[in-house]
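Step one of this worksheet: look at the structure below.
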Amino acid sequence: MSRADALLLVEQQLLHTVLVKPSSLAEMSLQARHFTTEAFAELWEYITRHNVEGSPADFIVVGEAAERDGRLAIRDLAFRLACDKDLIACSNPAYQSKLVIEGWRSREAWRVADELRASAARREEGAVDQAISQLMGLFADERDCEHTAKSAMSAAWGQVLAAHEAGGALIGVPTGLAGLDDCLGGLHDSDLIVVGARPAMGKTGLLLSMVLAGSVDHQRNGCPVGLISAEQPHEQVGLRWMATGSSVSVGRLRTARIEDHQWSGLTEAVRAYSDRPIRIYDRSSPDIADVARVARRWKHQFGIRALYVDYLQKLENTSLSKAPRHERVGSIAKSLKNLARELRIPVVALAQVSRDVEKREDQRPLMSDLADSSEIEKEADQIMTLWRDLSNPTADCAPAEINVVKNRHGNIGRVDCLWRGAQTAFVDVTDAREP
Numbered sequence: 022m023s024r025a026d027a028l029l030l031v032e033q034q035l036l037h038t039v040l041v042k043p044s045s046l047a048e049m050s051l052q053a054r055h056f057t058t059e060a061f062a063e064l065w066e067y068i069t070r071h072n073v074e075g076s077p078a079d080f081i082v083v084g085e086a087a088e089r090d091g092r093l094a095i096r097d098l099a100f101r102l103a104c105d106k107d108l109i110a111c112s113n114p115a116y117q118s119k120l121v122i123e124g125w126r127s128r129e130a131w132r133v134a135d136e137l138r139a140s141a142a143r144r145e146e147g148a149v150d151q152a153i154s155q156l157m158g159l160f161a162d163e164r165d166c167e168h169t170a171k172s173a174m175s176a177a178w179g180q181v182l183a184a185h186e187a188g189g190a191l192i193g194v195p196t197g198l199a200g201l202d203d204c205l206g207g208l209h210d211s212d213l214i215v216v217g218a219r220p221a222m223g224k225t226g227l228l229l230s231m232v233l234a235g236s237v238d239h240q241r242n243g244c245p246v247g248l249i250s251a252e253q254p255h256e257q258v259g260l261r262w263m264a265t266g267s268s269v270s271v272g273r274l275r276t277a278r279i280e281d282h283q284w285s286g287l288t289e290a291v292r293a294y295s296d297r298p299i300r301i302y303d304r305s306s307p308d309i310a311d312v313a314r315v316a317r318r319w320k321h322q323f324g325i326r327a328l329y330v331d332y333l334q335k336l337e338n339t340s341l342s343k344a345p346r347h348e349r350v351g352s353i354a355k356s357l358k359n360l361a362r363e364l365r366i367p368v369v370a371l372a373q374v375s376r377d378v379e380k381r382e383d384q385r386p387l388m389s390d391l392a393d394s395s396e397i398e399k400e401a402d403q404i405m406t407l408w409r410d411l412s413n414p415t416a417d418c419a420p421a422e423i424n425v426v427k428n429r430h431g432n433i434g435r436v437d438c439l440w441r442g443a444q445t446a447f448v449d450v451t452d453a454r455e456p
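Under the working numbering, the first residue of the sequence shown carries the number 22, and numbering increases by one thereafter.
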C-alpha cells in the first residue's frame, strides 16, 4: 500500500469513527482543509457544524442535513463510511488526526515548492518571501494551546520572579516615555495596543519614538523590531529619526538649511540609528494578509520582539472588499490581535478617531471616538488616546497628554508629556531641556 493510500484509509477511519461515535470528535484536532478529497472535506464540515450546534453528529443527523441541502452525494458518503464493515473505529483518534495533518502539510509544502519554481521561472518579484510565509503558515496552528491550571500558575510565577530579579527594571518592551512605561509596565507579548488621535496630533511621531525605544534593551543592545509604514515611505521615516537624534528640525532637513555646527549631530544620528535592527515595510495601504506574511517572516528570520503599524485604517482586507467599511476595519483589528498572539509579540497600531471630536469643547478623544469600528475597542488589550495643546503652534515645547482609556492588565489614567514640534517627537515632562 502506498503512503497516499494509507493516508486515505486513515481519513476514512477517522470519519467512520466520528460518524458512529460522535463523542470522539473532541479528540480530533482537524479542519476540513486537512482532508485529501473535497468530498471528505465537505463531509467534515457537516459533522463539525452540527457538533457546534449541539446535536450529535452521527451519520443519521449528518445524512439528513446533507439531504436537506440537496447534497445527496455527501449523504450517501456519510452512510457508506458509517456502515462499511471493513472500516474499524480509531483506537487513538488524536494520534491519527496528527497523521492526517502531517499529510496535508506535506501536500501543501509540495504545492508551495511547485509554485515557487514556476514563479522563479517567470522571475516574479517576492516569490521567495511568499513561499517562506506560506511554509511558516503551515505550522502556525501547531503550538500547544491546551494547558493545566498548574502550567498556568507556573508560567505566571515565572513572570513574577523575572520582574523581581530585574530589581525594578522594565520587563516589557519600552515605549520611550518613562511615565507611560510606569503606567503600562512596557508593552507585553500577545497584546494589541491601539493609539488613537485626531489628524496632525503627532501620533506617527509617537509611534516612531516607540520603534526607536523598542529597538534597544536597557543595556543599549540591539533588539529587532518591525514597522509597517502604510502612511509614509521609508525615507520620510528616516528624516523623522534624523530629526529626533540630531535636534535639527524636519523642516530644516527637508530644505537643507543646516548650520555648520549641526552636521556633527546629524552624522552621529545617522550612524547610531543605521545600526538599529529595525525592519520597515512601507507599502501604501497593504492588505492585512501581506502584513501578516511579512511579520511572520520577520519573526522567523530576525526574531522581532514587537511590531508597529501606521496606521490601522490604512490597511486593507481584499477578501472583504465588498463588505461595509466598519466590517473591514473590524476584521483587520481581529487579525492584528491574532497576529500578536500567534507571534507572541506586542503589536502597536495607530488609529484615526472620528472628526466629531473636533466639534466638542473638550477635544480629548474618548475610546468610543475610534473611527470606523467598535471592534477595535473589543479587540485591543490597551487603548491610548493622544492630545496636545494647539493654542501656541509655534512653541518649541507644548503640553501633551496620553490618556490610557483601556488596560486589561492594570490601571488607566493620564500620562503628561511634552510635544517637540521641530523634532516631531514626544518627551517626558521631566525632560524639559532645550533641544
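C-beta: ideal position from N, C-alpha, C; glycine also.
Taking DSSP as the reference, what is the three-state secondary structure of residue i?
i: Ile366; result: coil
i: Met263; result: helix
i: Cys104; result: helix
i: Lys399; result: helix
i: Ile249; result: strand
i: Ile404; result: strand
i: Pro43; result: helix
i: Asn424; result: strand
i: Gln180; result: helix
i: Ala293; result: helix
i: Ile325; result: coil
i: Gly124; result: helix
i: Leu360; result: helix
i: Phe447; result: strand
i: Gly431; result: coil
i: Gln373; result: strand
i: Asp383; result: coil
i: Ile109; result: coil
i: Gly158; result: helix
i: Ala453; result: Low confidence applies here, because Ala453 scores a pLDDT of 49, under 50, leaving its location unreliable; read the following figure in that light. Ala453 falls in the coil class under three-state DSSP.
i: Asp135; result: helix
i: Tyr67; result: helix
i: Leu213; result: strand
i: Ala344; result: coil
i: Ala277; result: coil
Could you name the residues of the same chain whose beta carbon sits closer than 8 Å to that of residue i, not counting the 5 residues immediately before and after it, in chain order?
i: Ile366; result: Asp210, Ser211, Lys320, Ile325, Arg326, Ala327 and Leu328
i: Gly207; result: Leu191, Ile192, Gly193, Val194, Pro195 and Thr196
i: Asp107; result: none
i: Glu63; result: Ala53, Arg92 and Ile95
i: Leu28; result: Thr57, Leu120, Val121 and Gly124
i: Ala110; result: Gln34, His37, Thr38, Val41, Lys42 and Ser45
i: Asp296; result: Gly243
Below 8 Å on the Cβ atoms is my guess for residue i versus residue j; work out the distance and round it to an integer in Å.
i: Val330; j: Val368; result: 7 Å
i: Asn464; j: Ile309; result: The question about residue 464 has no answer here: the residues shown for the chain are numbered 22 through 456.
i: Phe447; j: Leu227; result: 5 Å
i: Ser270; j: Gln444; result: 7 Å
i: Val215; j: Ala370; result: 5 Å
i: Ala372; j: Gly235; result: Contact flag wrong, Cβ pair sits at about 19 Å.
i: Arg317; j: Gly158; result: 7 Å
i: Gly200; j: Asp449; result: 6 Å
i: Val232; j: Ile299; result: 6 Å
Measuring alpha carbon to alpha carbon, tell me which residue in the options is nearest residue i.
i: Ser136; options: Glu123, Leu120, Ile153 and Trp125; result: It should be pointed out that residue 136 corresponds to Glu in this sequence rather than to Ser. The option with the nearest alpha carbon to Glu136 is Ile153.
i: Arg457; options: Thr196, Glu66, Ala173 and Phe56; result: What is shown of the chain runs 22 to 456, which leaves residue 457 out entirely.
i: Asp390; options: Leu30, Lys355, Asp377 and Glu382; result: Asp377
i: Gly223; options: Ala313, Cys418, Ile81 and Trp284; result: Cys418
i: Arg132; options: Ala115, Leu156, Val121 and Leu120; result: Leu156
i: Ala251; options: Asp281, Arg304, Ala221 and Leu213; result: Arg304
i: Leu336; options: Ser306, Asp449 and Ala148; result: Ser306
i: Gly442; options: Gln33, Ser23, Ser268 and Ile68; result: Ser268
i: Glu396; options: Asp383, Ile299 and Leu213; result: Leu213
i: Ser45; options: Asp79, Glu59 and Met174; result: Asp79
i: Arg362; options: Ala401, Val232, Thr276 and Glu85; result: Ala401
i: Gln403; options: Arg273, Ala199 and Cys204; result: Cys204
i: Lys380; options: His71, Arg219, Leu333 and Tyr332; result: Arg219
Kindly list the residues whose CB is nearer than 6 Å to the CB of residue i, restricted to its own chain and excluding five residues on each side of it in sequence; keep chain order.
i: Pro345; result: none
i: Ala453; result: Residue placement at Ala453 is poorly supported in this model, since its pLDDT is 49, which falls under 50; the coordinates are not used for a value here.
i: Trp408; result: Arg385 and Glu422
i: Ser50; result: Ser118
i: Arg349; result: Asn338 and Leu341
i: Phe323; result: Pro245
Leaving out the 5 sequence neighbours to the left and right, which residues in its chain are closer than 7 Å to residue i when beta-carbon positions are compared?
i: Ser356; result: Ile309 and Ala313
i: Val291; result: Met263
i: Glu48; result: Pro114 and Ala115
i: Thr288; result: none
i: Ser352; result: Asn338 and Leu341
i: Ala148; result: Leu137, Ser140 and Ala141
Does the distance between the C-beta of residue i and the nearest non-hydrogen atom of the ligand GTP fall short of 7 Å?
i: Ser268; result: In the structure shown, the ligand GTP is absent, as is every other ligand, since no ligand is present at all.
Contact between the stretch 252–263 and the stretch 419–437: three or more CB pairs below 8 Å?
-> They do not touch, by the three-pair rule.
Does the stretch 97–117 come within contact of the stretch 35–50, defined as at least 3 CB pairs closer than 8 Å?
-> Yes: at least three Cβ pairs fall under 8 Å.
Does the stretch 261–276 come close enough to the stretch 241–248 that 3 or more CB-CB pairs lie under 8 Å?
-> Contact fails: fewer than three Cβ-Cβ distances are below 8 Å.
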